[in-house]
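Residue numbers for the sequence shown, in my numbering: 57 to 424.
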Amino acid sequence: MKKKFFASLMAMVMVFGLAACGGNSEPAAEGDGAEGGAGGKIGVSMPTQSLQRWNQDGSNMKAELEAAGYEVDLQYAGDNDIPTQVSQIENMIAGGCEVLVVASIDGSALTEALKGAAEKGIPVIAYDRLIMNSDAVSYYATFDNYKVGQLQGQYIVDALDLENAEGPFNIELVTGAPDDNNVNFFFGGAMDVLKPYIDSGKLVVPSGQTEKAQCATANWSTEEAQKRFENIISSVGYGPNGVKLDAVLCSNDSTSYGVQNALQAAGYTADNMPIITGQDCDKPNVKNIASGLQSMSVFKDTRTLAEKVVGMVDAIMKGSEPEINDTETYDNGVAVIPSYLCEPVVVTVDNYKEMLIDSGYYTEADIA
Ligand code: BGC
57 MKKKFFASLM AMVMVFGLAA CGGNSEPAAE GDGAEGGAGG KIGVSMPTQS LQRWNQDGSN
117 MKAELEAAGY EVDLQYAGDN DIPTQVSQIE NMIAGGCEVL VVASIDGSAL TEALKGAAEK
177 GIPVIAYDRL IMNSDAVSYY ATFDNYKVGQ LQGQYIVDAL DLENAEGPFN IELVTGAPDD
237 NNVNFFFGGA MDVLKPYIDS GKLVVPSGQT EKAQCATANW STEEAQKRFE NIISSVGYGP
297 NGVKLDAVLC SNDSTSYGVQ NALQAAGYTA DNMPIITGQD CDKPNVKNIA SGLQSMSVFK
357 DTRTLAEKVV GMVDAIMKGS EPEINDTETY DNGVAVIPSY LCEPVVVTVD NYKEMLIDSG
417 YYTEADIA
């Protein structure tokens, strides 16, 4: 794979080096994308427009790539529609894209479609979610997904003071789409923190649903998470006047929102809500953090991820080495993919203004 990739890289360096630098095949200097930039068309494939984060990811990527002098073919695959994503990627390959940036719906469903990219020597960057079982993947840019899970687990440990309190405490577990490789890291990271307490009996899972497959939520859907949680509430008998529920581990905000809906329908309010985690700092969830319905979210600044990926694209197009900081963690079944992991940060009622508003990520009005 490497050989093919570097051969094509060299070909690109020559073509774009010549085009950009008027016959000088030296890679262009950093930061001169817009004027002397390599140019060329970049395909960006996003999974859905139905979740806020992917709209932000898509528009950030487009704006930053265009600012760096590239033409962008940005496509959203309907609402997580795998055949749509496959055909959009095939069109990008046929349509002359020179690098592909792909946030997959099902990480294992793109093997065939990406064969065309490998054949044409088109480098593929897996965006946020790893693309599995494909030798076409050159790089991966994401957040430290294992750390996201650890932060959520540790938040619960600290909030319940599990080190000192006697317990036992009741907890339920909710994670995301089973075809998203990130789930292994989110759920795995959280469970590595929580499992010792479950094993010792300080944490109890009254539904008995502790396996990843039992806790999964198809497509990370709010409605699916809500339905599953309504069933758990009625089968266990949770309620403000019923069985006490102390915490719910939710791997992200869309599922957390569904759980909060189910709990509110069962009579819970901001005054007696269990501890509930999340991820993404979606606007409705930040509002719920402010009002006390959700305890925390993990902030993954999509501007940072977009900036890193644009840097990777630019380096590839200019024939230099993209910045990576992890060469061990992400094995896609064919190879360990060189990765750049951005840092996730815990957001609560105490720091959301500083992290989200002062940083310019949201306006006051966005989350009023
Ligand atoms: C992303 C999360 C997101 C989830 C649902 C995951 O792969 O890393 O940020 O909440 O997908 O879209």
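We treat Cβ as the ideally placed atom computed from N, Cα and C, and that holds for glycine.
**Prompt:** At which residue ranges does the segment 246-329 contain complete beta strand (DSSP E) runs of 3 or more residues, listed in the order of the chain?
**Reply:** 303-306
**Message:** Output needed for Ala85: all residues of its chain with C-beta closer than 6 Å, excluding positions within five of it in sequence on either side, in chain order.
**Reply:** Here residue 85 corresponds to residue number 29 of the sequence shown, with the count starting at 1. Residue placement at Ala85 is poorly supported in this model, since its pLDDT is 35, which falls under 50; the coordinates are not used for a value here.
**Prompt:** Could you check where the beta strand (DSSP E) with Thr198 kicks off and where it finishes?
**Reply:** Translated into the one-based positions of the sequence shown, residue 198 becomes position 142. DSSP places Thr198 inside the beta strand (DSSP E), whose first and last residues are Val193 to Phe199.
**Request:** Classify Ala173 as buried or exposed, calling it buried when 16 or more other Cβ atoms lie within 10 Å of its own Cβ.
**Result:** Here residue 173 refers to the residue found at position 117 when the sequence shown is read from its first residue. That one is buried.
**Message:** Using CA atoms only, rank isn't needed, just tell me which of Leu397, Thr333, Ser263 and Thr385 is closest to Met368.
**Reply:** Within the sequence shown, the letter at position 312 stands for residue 368. The residue with the shortest Cα to Cα distance from Met368 is Leu397.
**Closest residue to Pro394 among Ala182, Phe243 and Lys409 (Cα-Cα distance)** = On the sequence shown, residue 394 is found 338 positions in, with the first residue counted as 1. Among Ala182, Phe243 and Lys409, the Cα nearest to that of Pro394 belongs to Ala182.
**Asked** What do you reckon, is the C-beta of Arg185 under 8 Å from a heavy atom of ligand 1?
**Response** Taking the first residue of the sequence shown as 1, we reach residue 185 at position 129. Checking every heavy atom of ligand 1 against the Cβ of Arg185, one is found closer than 8 Å.
**Asked** Would DSSP call Tyr417 helix, strand or coil?
**Response** On the sequence shown, residue 417 is found 361 positions in, with the first residue counted as 1. DSSP places Tyr417 in coil when its eight states are reduced to three.
**Message:** Please return the same chain residues whose Cβ sits closer than 8 Å to the Cβ of Lys118, not counting the five positions on each side in sequence.
**Reply:** Sequence index remark: in the sequence shown, residue 118 carries index 62 (1-based). These residues qualify, in order along the chain: Val100, Val128 and Leu130.
**Message:** Considering Cα atoms alone, identify which of Pro179, Ser290 and Asn116 is closest to Met373.
**Reply:** To locate residue 373, count along the sequence shown from 1; it is residue 317. Nearest of Pro179, Ser290 and Asn116 to Met373, Cα basis: Pro179.
**Asked** In terms of residues, what are the limits of the alpha helix (DSSP H) holding Glu168?
**Response** Mapped onto the sequence shown, residue 168 falls at position 112. Start and end: Thr167 to Lys176.
**Asked** Sorted by chain position, which residues of the same chain lie with C-beta nearer than 7 Å to Lys300's C-beta, five sequence neighbours on each side aside?
**Response** On the sequence shown, position 244 is the one that residue 300 refers to. The beta carbon of Lys300 is closer than 7 Å to those of Asn226 in its chain, skipping five residues each way along the sequence.
**Ala55 - DSSP class collapsed to helix/strand/coil** = Lying outside 57 to 424, the shown extent of the chain, residue 55 is not represented and no answer is given.
**Message:** ligand 1 and Ser115: does any heavy atom of the ligand fall closer than 8 Å to the residue's C-beta?
**Reply:** The count along the sequence shown starts at 1 and reaches residue 115 at position 59. Ser115 Cβ: outside cutoff for every heavy atom of ligand 1.
**Prompt:** What did DSSP end up calling Ser101 once you bin it into helix, strand or coil?
**Reply:** Along the sequence shown, read from residue 1 onward, the residue named residue 101 stands at position 45. Three-state DSSP puts Ser101 in a strand.
**Item:** Option nearest Met188 by Cα separation, candidates Val390, Gly295, Lys171 and Asp309
**Value:** If you number the sequence shown from 1, residue 188 lands on position 132. For Met188, the nearest C-alpha among the options comes from Val390.
**Prompt:** What residue range is occupied by the uninterrupted beta strand (DSSP E) comprising Ser353?
**Reply:** Taking the first residue of the sequence shown as position 1, residue 353 is located at position 297. Here the beta strand (DSSP E) through Ser353 covers Ser353 to Phe355.
**Asked** With a CB to CB cut of under 7 Å and the five nearest residues on each side skipped, what residues in its chain are close to Gln144?
**Response** Residue numbering aside, residue 144 sits at position 88 when the sequence shown is read from its first letter. Hits under 7 Å: Ser101, Gln131 and Ala133.
**Prompt:** Of the choices Asp191, Ala274 and Leu250, whose alpha-carbon is the least far from that of Asp214?
**Reply:** Locating residue 214 in the sequence shown gives position 158, where the first residue counts as 1. Residue Leu250 is the option with its Cα nearest to Asp214.
**Message:** Rounded to whole angstroms, what is the Cα-Cα separation between Glu219 and Leu259?
**Reply:** Within the sequence shown, numbered from 1, the residue matching residue 219 stands at position 163. Within the sequence shown, numbered from 1, the residue matching residue 259 stands at position 203. Straight-line Cα distance between these residues: approximately 11 Å.
**Asked** Anyone know if the C-beta pair for Asp184 and Ala192 falls short of 9 Å?
**Response** Stepping through the sequence shown from its first residue, residue 184 is reached at position 128. Stepping through the sequence shown from its first residue, residue 192 is reached at position 136. No.
**Request:** Give the DSSP-derived three-state secondary structure of Tyr386 in the structure shown.
**Result:** The residue you call residue 386 lines up with position 330 of the sequence shown. Tyr386 falls in the coil class under three-state DSSP.
**Request:** Can you say whether Asp217 is buried or exposed, counting buried as having 16 or more other CB atoms within 10 angstroms of its CB?
**Result:** Residue mapping note: residue 217 aligns to position 161 of the sequence shown, counting from 1. Per the 10 Å Cβ criterion, exposed.
**Request:** Look up Ala90 in the DSSP assignment and say whether it is helix, strand or coil.
**Result:** As a working note, residue 90 is residue 34 in the sequence shown. A caution first: Ala90 carries a pLDDT of 38, below 50, which makes its placement in the model unreliable, though a value can still be read off. It is helical.
**Ser395 - DSSP class collapsed to helix/strand/coil** = What you label residue 395 is simply residue 339 of the sequence shown in a count that begins at 1. In the structure shown, Ser395 sits in a strand (DSSP, three-state: E or B).
**Message:** Given the structure, does Gln105 come close to ligand 1, in the sense that its CB is under 8 Å from one of the ligand's heavy atoms?
**Reply:** Stepping through the sequence shown from its first residue, residue 105 is reached at position 49. Not under cutoff, so the answer is no.
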